[in-house]
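In what follows, a structure is listed as structure tokens, so that the remarks can point back to it.
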Amino acid sequence: MKTSHKIIFGNCMSMEELSDESIHLIVTSPPYFNAPFDYQGLFTSYDSYLNVLKQFSKEAFRVLQEGRIFALNIDDMLVDGIKYPIVADSIKIMQSAGFRYRDKIVWKKPDGYLRISKRSGVLLQNPYPMYFYPDNLLESIVIFQKGKFNYRSKSKEIRELSKVDKKEFQDNKWHKTLWEMTNVLPGSYLEKKYCCFSR
Ligand SMILES: C[S@@+](CC[C@H](N)C(=O)[O-])C[C@H]1O[C@@H](n2cnc3c(N)ncnc32)[C@H](O)[C@@H]1O
Numbered sequence: 002m003k004t005s006h007k008i009i010f011g012n013c014m015s016m017e018e019l020s021d022e023s024i025h026l027i028v029t030s031p032p033y034f035n036a037p038f039d040y041q042g043l044f045t046s047y048d049s050y051l052n053v054l055k056q057f058s059k060e061a062f063r064v065l066q067e068g069r070i071f072a073l074n075i076d077d078m079l080v081d082g083i084k085y086p087i088v089a090d091s092i093k094i095m096q097s098a099g100f101r102y103r104d105k106i107v108w109k110k111p112d113g114y115l116r117i118s119k120r121s122g123v124l125l126q127n128p129y130p131m132y133f134y135p136d137n138l139l140e141s142i143v144i145f146q147k148g149k150f151n152y153r154s155k156s157k158e159i160r161e162l163s164k165v166d167k168k169e170f171q172d173n174k175w176h177k178t179l180w181e182m183t184n185v186l187p188g189s190y191l192e193k194k195y196c197c198f199s200r
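Numbering (the numbering used here), first residue to last: 2 to 200.
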């Protein structure tokens, strides 16, 4: 089957290129609030960061078709010793925009993965109370839905063409809420070639 693809370089806070109810699926990974290394100092305040999510949530709700899914890859962020509750806040924001909070997938990165610091080293060097600084290997993929999907609206033929590979799902455990996936690793060929991060 032939498909066509269009890439729009635009602002998610105002997606005038897209008409109402024109989108079947939204998958997005917004910037992590002032993440050390990747987005240091990008936002002037946490409120201004949440404001981007608020604007985007309204636009996402507008462009998505009834019943369709919006997957938000996001995580709480530790900045200068303060952990910002981004997952909880973004769920509230998406709910306010009208989305139904359906599920949360936990994405576990490989045990050896660390982008910046090895915080857990503190405890390993000082194995005493008050030295517990765990390294984060997790991200969330929060699943929202706009209303309910009408399963009867799709013909048998369309359903068959869209069928998922059951074996692949079972082998990779995609049908569970813990996904173990290797991300683009720091310093790897893929990061050097395609990523926007600058060192
Ligand atoms: C965590 S990265 C996601 C990277 C992407 N998933 C990939 O694999 O290349 C966040 C991306 O959001 C983009 N971004 C930031 N603000 C945006 C906005 N207002 N509208 C659209 N994209 C934005 C950044 O440029 C960055 O590429």
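Where a beta carbon is used, it is the ideal one built from N, C-alpha and C, also for glycine.
Throw me the rounded Cβ distance for the residue i and residue j pair, which I believe falls under 8 Å.
{"i": "Q171", "j": "R103", "result": "At roughly 21 Å, the Cβ-Cβ gap does not stay under 8 Å, so Q171 and R103 are not in contact."}
{"i": "Y114", "j": "L191", "result": "At roughly 14 Å, the Cβ-Cβ gap does not stay under 8 Å, so Y114 and L191 are not in contact."}
{"i": "I94", "j": "L54", "result": "5 Å"}
{"i": "D166", "j": "L138", "result": "Between L138 and D166 the Cβ distance is about 27 Å, and since that is not below 8 Å, they are no contact."}
{"i": "F133", "j": "L125", "result": "Not really, about 11 Å apart at Cβ, beyond 8 Å."}
Please list, in chain order, all residues of the same chain as residue i whose beta carbon is under 6 Å from its beta carbon, the five residues on each side excluded.
{"i": "E18", "result": "I9 and G11"}
{"i": "I106", "result": "I142, T178 and W180"}
{"i": "K110", "result": "L138 and N184"}
Thinking C-alpha only, which one of the options is nearest residue i?
{"i": "F71", "options": "L162, D77 and K59", "result": "K59"}
{"i": "S141", "options": "W108, R120, R153 and K168", "result": "W108"}
{"i": "F57", "options": "Y47, Y129, G82 and M14", "result": "M14"}
{"i": "D21", "options": "Q41, A61 and K3", "result": "A61"}
{"i": "G42", "options": "V80, S189 and R160", "result": "V80"}
Spatial neighbours of residue i within its chain, please: C-beta separation below 7 Å, excluding the five flanking residues on both sides.
{"i": "F44", "result": "F34, N35 and Y50"}
{"i": "N173", "result": "none"}
{"i": "P135", "result": "R120 and S121"}
{"i": "L26", "result": "R69 and I70"}
{"i": "G148", "result": "E67 and G68"}
{"i": "I92", "result": "Y102 and V143"}
{"i": "M16", "result": "E60 and V64"}
{"i": "D96", "result": "Note that residue 96 corresponds to Gln in the displayed sequence, not to Asp. Y102, listed in sequence order."}
Under the three-state reduction of DSSP, which class applies to residue i: helix, strand or coil?
{"i": "L79", "result": "strand"}
{"i": "F100", "result": "coil"}
{"i": "K93", "result": "helix"}
{"i": "I142", "result": "strand"}
{"i": "A36", "result": "coil"}
{"i": "R153", "result": "helix"}
{"i": "Q22", "result": "The amino acid occupying residue 22 in the given sequence is Glu; Gln does not appear at that position. E22 falls in the coil class under three-state DSSP."}
{"i": "K167", "result": "helix"}
{"i": "E17", "result": "coil"}
{"i": "V88", "result": "helix"}
{"i": "Q66", "result": "strand"}
{"i": "F71", "result": "strand"}
{"i": "I8", "result": "coil"}
{"i": "L124", "result": "helix"}
{"i": "V53", "result": "helix"}
{"i": "K119", "result": "coil"}
{"i": "L191", "result": "helix"}
{"i": "K109", "result": "strand"}
Indicate, with yes or no, if ligand 3 has a heavy atom lying under 7 Å from the CB of residue i.
{"i": "N173", "result": "Within the structure as shown, ligand 3 is missing, the only ligands being ligand 1."}
Return the chain-ordered list of same chain residues with a C-beta closer than 8 Å to the C-beta of residue i, the five sequence neighbours on each side being excluded.
{"i": "P86", "result": "D77"}
{"i": "M2", "result": "L162"}
Across the region 23-31 and the region 68-85, are there enough close Cβ pairs to call them in contact, namely three or more that are closer than 8 Å?
Taking 8 Å as the limit for Cβ pairs, the verdict is that the region 68-85 does touch the region 23-31.
So, do the region 85-105 and the region 52-66 have three or more beta carbon pairs nearer to each other than 8 Å?
Judged by Cβ distances under 8 Å, the region 85-105 makes contact with the region 52-66, as three or more pairs qualify.
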